[in-house]
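Under my numbering, read the sequence shown as residues 279 to 641, first letter to last.
Reading through the structure tokens given below for one structure.
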Amino acid sequence: MSLDAVLKTAPRVLIEAHLKPVIGTRIQPTGFPDLGAAQYNAPDGHGGSVSMLLVESAQSMANRLEAVCWDEANDDIVPELKGLPFVTVKLSGIGNGTDTTSSLLEFHRLNSPYIMNGSTNDGSSFADMVRKELGLGSVPGKKGSKKAVETAPAEDGAGEKEREEVAGVVNLRKLAAVCFQYDPNSLIHGIFLEKIAGRLRHPRALSAFIEASGVDRADSGGVKFDRVLPRPKVGGVDAKGGYGNVPFHRSEFTARSIIAFFSLDLTQIRGYGLPTEATRLLEVLSLWKVRRFLDSNMRLRTACELEVDEKAGGIKVGRPKDFALPSTEELAKELATLIKACKPHFATPTTTSLTWNKPAGKE
């Protein structure tokens, strides 16, 4: 099945990639506060169960799929995506005054406080600009108030304010058009503009996670060796200060199989109601992200570097049938054409520059 046919008719694309450690047999999974590694049992299809391990969560995978868009060495968007819009922010008063961030790096994308509270060249906030483009610039104030709301609700208690101040039907298609204008990636990985209105949200169109099955623990340990003061009391100090020999343990895992799962909701992307070329861009960009990630070194953590295991099955497309994931080069070539075609739908200039000023008195 051709890529054109898939993107026009298929409701979703499901991809599985069989992985293995680059070296050795052990893997270091993602960990969670007060939980550690996420272990669980799943039905084995024969009335029993199989031990499972979450290697990488959906939240973490969203970050990693966004990271393939960024060139860390040059602190810029990767060459294949040049011309794609995003928002960059100069962080005034932080560090030596040259620190920056962007919507491709921020944890809440366009809803990052550094972006929403960032100022444009004319002094208005990005939140004000977006609200006006969404047609929410003159919504009624609180019950009993005669004034219209002119500024975004404060971050604290924003959800409660939204329920009272933003009435009527929220146009999610318009939200998609505005997000596409400033950062199309936000429509792929999900957006929630709760600082403007609690109903302004789109879920992830591209979801992914990595899990291992048939897992066993591989416990080991070591010692932080202090060659100066192995017994810190001799020097009048203690281990709390980092002195002395400190033994430690660590838990890693082995697994019979490791699989990365990707789900791309094409129906959701079509539902944004964007022009044909914009819809196509989001779809191809999503597939490019998956392929680019699988072609990368996939070094998730110090002791967890993976690669595609061709012997175990390699990369398989579960749905639709008879479709193969194109190469990174093929997808990048089509992306270049689509980025040019979508220029009329992008912000001008395509990189929106903001300045975030540290609030007075905040240290």
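Glycine included, every Cβ here is placed at the ideal spot set by N, Cα and C.
Values in this document were obtained by computation on a predicted structure and should not be read as measured data.
Cβ neighbour criterion (16 or more within 10 Å) applied to residue i
i: Arg495; result: exposed
i: Ala486; result: buried
i: Lys636; result: exposed
i: Lys425; result: Here Lys425 scores only 42 on pLDDT, less than 50, and its place in the model is too uncertain to base an answer on.
i: Val506; result: exposed
i: Ala405; result: buried
i: Lys410; result: exposed
i: Gln459; result: buried
i: Asp461; result: buried
i: Arg387; result: buried
i: Arg509; result: exposed
i: Val515; result: exposed
Proximity to residue i [Cα-Cα], best of the options
i: Ser631; options: Asp573, Val346, Ile393, Arg342; result: Ile393
i: Ala581; options: Pro299, Gly361, Lys286, Lys410; result: Pro299
i: Gly309; options: Lys452, Arg528, Glu561; result: Arg528
i: Gly413; options: Leu297, Leu331, Asn449, Ala490; result: Asn449
i: Leu332; options: Leu383, Leu609, Ala538; result: Ala538
i: His623; options: Leu362, Gly500, His296; result: Leu362
i: Ser380; options: Ile293, Asn463, Gly492; result: Asn463
i: Glu607; options: Leu359, Pro525, Leu292, Gly592; result: Leu359
i: Lys594; options: Pro289, Ala295, Arg290; result: Ala295
i: Ile293; options: Val586, Ala625, Tyr550; result: Val586
i: Pro525; options: Ile469, Leu383, Val501; result: Val501
i: Arg482; options: Tyr318, Asn341, Ile305, Ser498; result: Asn341
Local conformation of residue i per DSSP, three classes
i: His623; result: helix
i: Met407; result: helix
i: Asp354; result: strand
i: His644; result: Not covered by the structure: residue 644. The range shown for the chain is 279 to 641.
i: Met576; result: coil
i: Ile393; result: helix
i: Gly519; result: helix
i: Gly375; result: coil
i: Ala315; result: strand
i: Gly309; result: strand
i: Glu588; result: coil
i: Pro431; result: In this prediction, Pro431 has a pLDDT of 39, which is less than 50 and means its spatial position is unreliable; nothing more can be read from the coordinates.
i: Gly596; result: strand
i: Ala581; result: coil
i: Thr303; result: coil
i: Leu359; result: helix
Endpoints, the alpha helix (DSSP H) within which residue i is located
i: Arg548; result: 544-549
i: Cys457; result: 450-460
i: Phe571; result: 554-573
i: Ser464; result: 463-467
i: Asp282; result: 281-287
First through last residue of the beta strand (DSSP E) which encompasses residue i
i: Arg482; result: Unbroken run through Arg482: none, as it is neither H nor E.
i: Arg342; result: Element bounds for Arg342: not the beta strand (DSSP E) but the alpha helix (DSSP H), 336-345.
i: Phe364; result: 364-370
i: Thr630; result: 629-635
i: Asp497; result: 494-502
i: Pro299; result: 290-299
i: Ile474; result: No beta strand (DSSP E) holds Ile474; DSSP gives it neither H nor E.
i: Val275; result: Limits of the chain in this structure are 279 at one end and 641 at the other, which puts residue 275 out of reach.
Residue i beta carbon near the ligand FAD (any heavy atom closer than 8 Å)
i: Pro508; result: This structure lacks the ligand FAD; in fact it carries no ligand of any kind.
Determine, using beta-carbon pairs with one atom in the segment 533-546 and one in the segment 310-322, whether at least three such pairs fall under 8 Å.
no
Tell me, please, whether the segment 322-329 touches the segment 561-572 by the rule of three or more beta-carbon pairs shorter than 8 Å.
Output reads no: the segment 561-572 does not touch the segment 322-329.
With a threshold of 8 Å, are at least 3 pairs of Cβ atoms found where one atom belongs to the segment 349-365 and the other to the segment 543-555?
no
contact_flag[the segment 360-374, the segment 617-632] where n(CB pairs < 8 Å) is 3 or more:
yes
Quick test of the definition: if touching needs 3 or more C-beta pairs under 8 Å, does the segment 283-300 touch the segment 598-605?
yes
State whether the segment 602-612 contacts the segment 512-528, with contact taken as three or more CB pairs (one from each stretch) at a distance under 8 Å.
The answer is no - the segment 512-528 does not touch the segment 602-612, with fewer than three Cβ pairs under 8 Å.
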